[in-house]
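Counting the sequence shown from 1 gives a position; this note's numbering is that position plus 26. Every residue gets a Cβ at the ideal spot worked out from N, C-alpha and C, and that includes glycine.
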Amino acid sequence: MPKPKHAEPSHIDAIERARRVLDAEAAAIARMSERLDGRFTEAVELMMTAGHVVTLGVGKSGIVARKVSATMASTGTPSFFLHPAEAAHGDFGRLTRGDLILAFSYSGETEEVLRLLPLIEQSDFPLISIVGRMNSTLAKASRVALDAGVDAEACPLGLAPTTSTTAAMALGDALSMALLELRGFRAEDFAFLHPAGRLGRDLLRVADVMHAGRDLPRVSTATAMLDVIHEISRKGFGITTVTDDDAKLLGVISDGDFRRLMERHPETALAMTAGDVIGEPHPRNPRPRTVTAGELATHALHLMERYRITALVVVDGENRVEGVVHLHDLWKALFPNQPLEED
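This is how it looks when you write it as structure tokens:
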């Protein structure tokens with residue numbers, strides 16, 4: 027069989043084709059936005075009280091259903107995808123009382139989905155559908171049917187699901203974000219659910235990587251310098267905090283400070299106390315650099331790079347010491363696959 031002849035590709039023609047697709051899909055989403063009504067609100071209210079939002083779909087609609095379920099699960103709405111064919115062979119048992127079904131089918135006549143309707147009705151699970159035809163069997167069987175209909179596919183042959191899948195996914199995203207806001211889902215919650223992803227690492231807080239309690243290096247102003255050096259070595263951060271009886275930060279002594287002290291006072295350095303050392307003028311680092319536990323870990327790393335230091339003291343609003351965060355810990359948490367290059 028002879029191969030079909032193709033026209034020589036044109037850079038300009040390709041861009042024009044791409045624009046036609048993007049414009050068609052953008053226009054379809056805009057029209058769908060104008061059609062939103064009380065049914066969307068009802069769907070969100072049902073999902074808010076559901077145990078799990080269980081998404082269904084076959085083919086391209088199944089791919090959209092998987093993506094919407096993943097978005098919901100990562101933004102505070104318990105959700106999982108269930109393939110209709112597998113559901114008909116026992117996996118329907120994954121659902122528990124209080125769950126809700128969100129079905130995707132542009133035609134609303136997908137055989138594998140319709141086969142589940144009697145089971146859904148008998149089990150009394152609320153059914154929400156996202157369809158392209160509001161007079162379809164699936165739409166009529168649903169507690170709430172949401173209209174994701176489009177005038178035409180962006181595919182020039184009118185065959186490949188393009189505009190229709192974009193519209194369905196956008197409507198699923200709209201549901202997910204409405205639920206996110208109603209639940210009061212925060213950036214901190216997102217980071218908790220994405221500990222291994224870049225987004226989660228970008229939202230990592232100092233509190234997540236700082237050292238506290240027995241790991242915290244701390245001495246008083248009366249501590250002899252020999253014991254100060256032992257504390258710095260024992261805790262392994264290259265510094266120790268100097269605090270008063272109320273745990274408020276008075277200063278920081280680093281191993282570099284001790285070396286410089288020995289250069290200035292070689293005969294009396296070890297007889298000095300931590301209070302003597304932090305009381306001396308210190309042009310290189312006149313005051314300790316601090317962060318709070320709630321600040322982003324990326325901000326702490328920025329401060330370390332800016333001031334060329336390897337550790338920061340973590341304090342509360344009243345300057346009480348809560349912990350210490352080290353460069354190695356930040357680097358390991360933020361860039362797990364990149365070794366830290368030592369100077």
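Status (buried if at least 16 other CB within 10 Å, exposed otherwise) for isoleucine 41: The residue given as residue 41 occupies position 15 in the sequence shown. Exposed, since its Cβ has fewer than 16 Cβ neighbours within 10 Å.
Whether threonine 316 touches valine 351 by CB criterion (7 Å): As a position in the sequence shown, residue 316 is number 290, starting the count at 1. As a position in the sequence shown, residue 351 is number 325, starting the count at 1. Against a cut-off of 7 Å, the Cβ pair of valine 351 and threonine 316 comes out as no contact.
Check whether threonine 163 and leucine 140 have beta carbons under 7 Å apart: Translated into the one-based positions of the sequence shown, residue 163 becomes position 137. Translated into the one-based positions of the sequence shown, residue 140 becomes position 114. Going by C-beta atoms, threonine 163 is nearer than 7 Å to leucine 140.
The stretch 282-302 in contact with the stretch 333-347 per 3-pair CB rule at 8 Å: no
Member of Cys181, Ser190, Pro182 and Leu183 whose CA lies at the smallest distance from the CA of alanine 174: Within the sequence shown, residue 174 is the residue found at index 148, counting from 1. Nearest option by C-alpha distance: Ser190.
Length-filtered (3 minimum) beta strand (DSSP E) runs lying within the stretch 110-171: 126-131 and 153-157
Identity of the residues DSSP links to histidine 237 by a beta bridge: Within the sequence shown, residue 237 is the residue found at index 211, counting from 1. According to DSSP, which records beta bridges pairwise, histidine 237 is partnered with Val350.
Counterpart residues of arginine 231 in DSSP-defined beta bridges: The sequence position of residue 231 within the sequence shown is 205, counting from 1. DSSP lists Leu322 as partners of arginine 231.
C-alpha distance - alanine 233 paired with leucine 329, whole-angstrom precision: What you label residue 233 is simply residue 207 of the sequence shown in a count that begins at 1. What you label residue 329 is simply residue 303 of the sequence shown in a count that begins at 1. Spanning the two alpha carbons is a distance of roughly 16 Å.
Serine 246 versus glutamate 321 - alpha carbon distance: Here residue 246 refers to the residue found at position 220 of the sequence shown. Here residue 321 refers to the residue found at position 295 of the sequence shown. Each residue's alpha carbon lies about 27 Å from the other.
Within the stretch 169-208, ranges of the alpha helix (DSSP H) (whole runs, at least 4 residues): none
Enclosing alpha helix (DSSP H) for isoleucine 304 [first to last residue]: By 1-based counting over the sequence shown, the position of residue 304 is 278. Isoleucine 304 -> alpha helix (DSSP H) spans 300-305.
Closest by C-alpha distance to valine 90, when choosing among His109, Phe118 and Thr101: The count along the sequence shown starts at 1 and reaches residue 90 at position 64. Among His109, Phe118 and Thr101, the Cα nearest to that of valine 90 is on His109.
Inter-residue spacing [alpha-carbon to alpha-carbon] between threonine 136 and tryptophan 357: Position 110 of the sequence shown, counted from the start, is the residue given in the question as residue 136. Position 331 of the sequence shown, counted from the start, is the residue given in the question as residue 357. Answer to the nearest angstrom: the Cα atoms are 50 Å apart.
Threonine 294: first and last residue of the uninterrupted beta strand (DSSP E) it sits in: In the sequence shown, counting from the first residue as 1, residue 294 sits at position 268. No beta strand (DSSP E) holds threonine 294; DSSP gives it neither H nor E.
Short Cβ contact (7 Å threshold) for threonine 101 with serine 259: Residue 101 sits at position 75 when you count from the first residue of the sequence shown. Residue 259 sits at position 233 when you count from the first residue of the sequence shown. For threonine 101 and serine 259, no; Cβs fall outside 7 Å.
Through-space distance from glycine 83 to glutamate 112, alpha-carbon basis: Counting from one through the sequence shown, the residue named residue 112 turns up at place 86. Counting from one through the sequence shown, the residue named residue 83 turns up at place 57. Those two C-alpha atoms are separated by around 11 Å.
Where aspartate 177 falls, given that 16 or more other Cβ within 10 Å makes a residue buried: Working through the sequence shown from its first residue, we reach residue 177 at position 151. Label assigned to aspartate 177: exposed.
Given 8 Å, three or more beta-carbon pairs between the stretch 114-124 and the stretch 63-73: no
Alpha-carbon to alpha-carbon, threonine 103 and leucine 206: Along the sequence shown, read from residue 1 onward, the residue named residue 206 stands at position 180. Along the sequence shown, read from residue 1 onward, the residue named residue 103 stands at position 77. Between leucine 206 and threonine 103, the C-alpha separation is close to 7 Å.
Within 7 Å, strictly: CB atoms of serine 155 and alanine 171: For this step, residue 155 is matched to residue 129 along the sequence shown. For this step, residue 171 is matched to residue 145 along the sequence shown. Against a cut-off of 7 Å, the Cβ pair of alanine 171 and serine 155 comes out as a contact.
Outcome for aspartate 272 when other beta-carbon atoms lying within 10 angstroms are tallied against a minimum of 16: Here residue 272 refers to the residue found at position 246 of the sequence shown. So aspartate 272 counts as exposed.
Span of the alpha helix (DSSP H), counted from its first residue to its last, around phenylalanine 66: Reading the sequence shown from its first residue, position 40 is the one you call residue 66. Note, phenylalanine 66: alpha helix (DSSP H), 64-74.
Valine 84 - containing alpha helix (DSSP H), residue span: In the sequence shown, the residue the question calls residue 84 occupies position 58. From DSSP, valine 84 is part of no alpha helix (DSSP H); its letter is neither H nor E.
Of the residues Met160, Glu138, Pro144 and Leu353, the one placed nearest isoleucine 265, counting alpha carbons only: Against the sequence shown, residue 265 aligns to sequence position 239. Measuring from the Cα of isoleucine 265, the nearest candidate turns out to be Leu353.
Same chain, Cβ closer than 6 Å to arginine 61, neighbours up to 5 away in sequence not counted: Position 35 of the sequence shown, counted from the start, is the residue given in the question as residue 61. If we look at arginine 61 and ignore the five residues flanking it on each side, its Cβ neighbours are Asp173.
Other residues of its chain near proline 243: CB distance less than 7 Å, five sequence neighbours each side excluded: Residue 243 sits at position 217 when you count from the first residue of the sequence shown. Excluding residues within five positions, the ones whose Cβ falls inside 7 Å are Glu257, Ile258, Lys261, Phe263, Ile265, Thr266, Thr267 and Val350.
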